[in-house]
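In terms of full-length UniProt numbering, the sequence shown is residues 1 to 257.
What follows is a set of notes on a single structure, which appears directly below.
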Amino acid sequence: MAKSLAIEHPKILILTARSVVKADIIATEIKKRYPSQDVCTVQMDLSSIDSTRLGAKKVLAIASKIDIIINNAGVMAIPERTLSVDGYELHFATNFLGHFLFTNLLEKKFSSNARIVNVTSGGYMVCPIRFHDLNWDGDKDLPVDEQPDMAMIDALGIGELARPDSYNPMLAYLHSIIVTELQRHVHGFRNQTMEYKTASQGAASLLVAALDPNLQNHPSAYIDDCQKTVIVSDHVCNELVAQRLWKIAQEMTGLTG
């Protein structure tokens, strides 16, 4: 995806990564293909609040303004319940809290038409926000509106992998259909009801979300398979749920405002 973005010749392309060595390899390849392209890398571990704050500070020092952010990092299907260095369930810490904090810290440099692209799995369809047990401690009763949709899970063909009464990696973060290193923990599991894409094919929707000028007047657009579409889960569009989650994220990350 970074290589595709370089085709548009942005003033500067900043790659953040937990492994800066991997990011440097991509940066070097971009420089070879586009010698005039300014590209740099920043080490950042989104599961760590301190690391995310430091990464944001470095990005702010590099960029005079920010036009596009693509929040694309994530973890998936970690076999055992794992907590971040800050004590939060690792999927939630990496896939949401890190991006939330990073994006908010960069806001001061947003251009007037800045675009934020948040990449998600399809997990939102089957498992709402577990406000009563965000850390998957497993010792709390969930209200009905926070329980996973087992009928949907069975329809998706992952019923045998989903256990609603205990920590389960397939509920913590439903598998993606884009084949990348993200699936390292699922040991080759494939859902026969879904179409799997290569990383390049999967990146197409991200590029549409980031670059398509027709989306400029649609700030809350949801892109699936390169098309603007409708979110199918009511809780995702619930403003009260969003406000509650925002407040919790502020408290967890120490973000004020």
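Ideal Cβ positions, reconstructed from N, Cα and C, are used throughout, including at glycine.
For clarity, every value in this text was computed on a predicted model and none was experimentally measured.
Enclosing alpha helix (DSSP H) for residue i [first to last residue]
i, result
"Val102", "Looking at the sequence itself, residue 102 is Phe, so the reference to Val does not match. Per DSSP, Phe102 belongs to the alpha helix (DSSP H) from 98-106."
"Gln216", "Here Gln216 belongs to no alpha helix (DSSP H), and DSSP marks it neither H nor E."
"Ile129", "Where Ile129 is concerned, there is no enclosing alpha helix (DSSP H), given that its DSSP letter is neither H nor E."
"Ser51", "49-62"
Spatially closest choice to residue i from the options, by CA coordinates
i, options, result
"Trp136", "Asn72, Arg81, Glu107", "Arg81"
"Gly138", "Glu89, Pro219, Leu206, Arg33", "Glu89"
"His132", "Leu15, Tyr124, Pro143", "Pro143"
"His235", "Met125, Ser200, His218", "Met125"
"Gly74", "Ala56, Arg53, Phe100, Ile68", "Phe100"
"Pro35", "Val21, Arg18, Val59, Ala6", "Ala6"
"Pro213", "Asn113, Leu134, Ile248", "Asn113"
"Ser121", "Phe92, Leu15, Pro79", "Phe92"
"Leu145", "Arg33, Val241, Pro219, Ile25", "The amino acid occupying residue 145 in the given sequence is Asp; Leu does not appear at that position. Looking at the Cα atoms, Val241 is the closest of the given residues."
"Lys108", "Leu134, Asn238, Ala56", "Ala56"
"Gln201", "Ile30, Cys226, Ile248", "Cys226"
"Lys32", "Leu54, Lys3, Thr198", "Lys3"
"Asn95", "Glu251, Leu215, Gly123", "Gly123"
"Leu83", "Val119, Glu8, Leu215, Leu134", "Leu134"
"Lys247", "Asn104, Glu8, Ile30", "Asn104"
DSSP state of residue i mapped onto helix, strand, coil
i, result
"Leu161", "Because Leu161 sits at a pLDDT of 47, beneath the cut-off of 50, its placement in the model cannot be relied upon, and the point is left open."
"Gln227", "strand"
"Leu13", "strand"
"Ser205", "helix"
"Met252", "helix"
"Gln43", "strand"
"Asp234", "helix"
"Arg81", "coil"
"Ser4", "helix"
"Val117", "strand"
Proximity below 7 Å, CB of residue i to CB of residue j
i, j, result
"Thr41", "Ala27", "yes"
"Thr52", "Gly98", "yes"
"Gln43", "Val20", "yes"
"Ile66", "Val117", "no"
"Met1", "Ala203", "yes"
"Ile68", "Arg115", "yes"
Sequence-distant residues of its chain with Cβ nearer than 8 Å to residue i (five each side left out)
i, result
"Ile12", "Asp38, Val39, Cys40, Ile62, Ala63"
"Leu15", "Ala2, Ala23, Ile26, Ala27, Val39, Cys40, Thr41, Val42"
"Val230", "Tyr222"
Residues near residue i by beta carbon distance below 7 Å, same chain, minus five either side
i, result
"Leu245", "Ile129"
"Thr253", "Ile49, Leu97, Phe100, Leu101"
"Val232", "Met125"
Contacts around residue i, its chain only, beta-carbon distance under 6 Å, and the 5 residues preceding and following it disregarded
i, result
"Ile223", "Ser205, Val208, Ala209"
"Arg18", "Asp45"
Near the ligand MN: residue i beta-carbon under 6 Å from a heavy atom
i, result
"Lys228", "Among the components modelled here there is no ligand, and therefore nothing to report on the ligand MN."
First through last residue of the beta strand (DSSP E) which encompasses residue i
i, result
"Ala221", "Careful: Ala221 lies outside any beta strand (DSSP E) and carries neither H nor E."
"Ile67", "Reading off the sequence, residue 67 comes out as Asp, not Ile. Counting along the chain, the beta strand (DSSP E) containing Asp67 begins and ends at 66-71."
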